[in-house]
Each structure stands twice: as C-alpha cells, then as structure tokens.
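Chemist: Structure incoming, see below.
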Amino acid sequence: MNPSEQPKSRSNTSELMRYAGLGAQIFVTIGLAVFAGFKLDKWLRISLPLLVWLLPLLAVSALIYKLVKDTSKRK
-8 MNPSEQPKSR SNTSELMRYA GLGAQIFVTI GLAVFAGFKL DKWLRISLPL LVWLLPLLAV
52 SALIYKLVKD TSKRK
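According to this note's numbering, the sequence shown holds residues -8 to 66 in order.
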C-alpha cells in the first residue's frame, strides 16, 4: 500500500463514521418523537393523532437546523 493512499482511506472511514452516526441520530430522534407523541396523545386523550405528527416534524426541523449549523462551521 502506498503511504499516500493510507490517509485517504482514513479520511473516507472517518467520513463514513460521521454520516453513520448522523443517520443513527436521526433514526433514534424520530423514533423517540413518534413514541412520545403516541404516549402523549393517549395520555391527553386526543382522538386525532396530532402529537404523533407534530413531534417528529419538530424533531426533523431541529435536526435539519443542527445539521446546517454544524456544516456551516466547518467551512
């Protein structure tokens, strides 16, 4: 293996791990928001699944904001 190829491989691996972590964070956040919305709708006795829709929407909005904020710092 060329020494010049080794840093590139590490860079690709770190990028892959960063995006895998981001994907896991998105998956867990949306899952928790849906679960919390379901439980809150049941606890508040709301017949329309309002919080099941609103909490994940707010979570995705916050994640997009965080993603834009984090990526704009790295420039």
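All residues carry an ideal CB built from backbone N, CA and C; glycine is no exception.
Predicted model only: the values in this text are computed from it and were never measured.
Is DSSP giving LEU49 helix, strand or coil here?
Modeler: Translated into positions along the sequence shown, residue 49 becomes position 58. In the structure shown, LEU49 sits in a helix (DSSP, three-state: H, G or I).
Chemist: Let me know the secondary structure DSSP gives ILE37 once reduced to three states.
Modeler: Looking up residue 37 in the sequence shown gives position 46. Three-state result, ILE37: coil.
Chemist: Determine the direct distance from the alpha carbon of SER63 to that of ALA24, and round the result to whole angstroms.
Modeler: As a first step, residue 24 must be located in the sequence shown, where it is residue number 33. As a first step, residue 63 must be located in the sequence shown, where it is residue number 72. If I take the Cα positions, the gap works out to 26 Å.
Chemist: With a Cβ-Cβ cutoff of 9 Å, do LEU58 and LEU7 count as a contact?
Modeler: The residue given as residue 58 occupies position 67 in the sequence shown. The residue given as residue 7 occupies position 16 in the sequence shown. No, they are not a contact pair.
Chemist: Do you know how far the Cα of ILE55 is from the Cα of TRP44?
Modeler: For this step, residue 44 is matched to residue 53 along the sequence shown. For this step, residue 55 is matched to residue 64 along the sequence shown. Cα to Cα, the separation comes out at about 17 Å.
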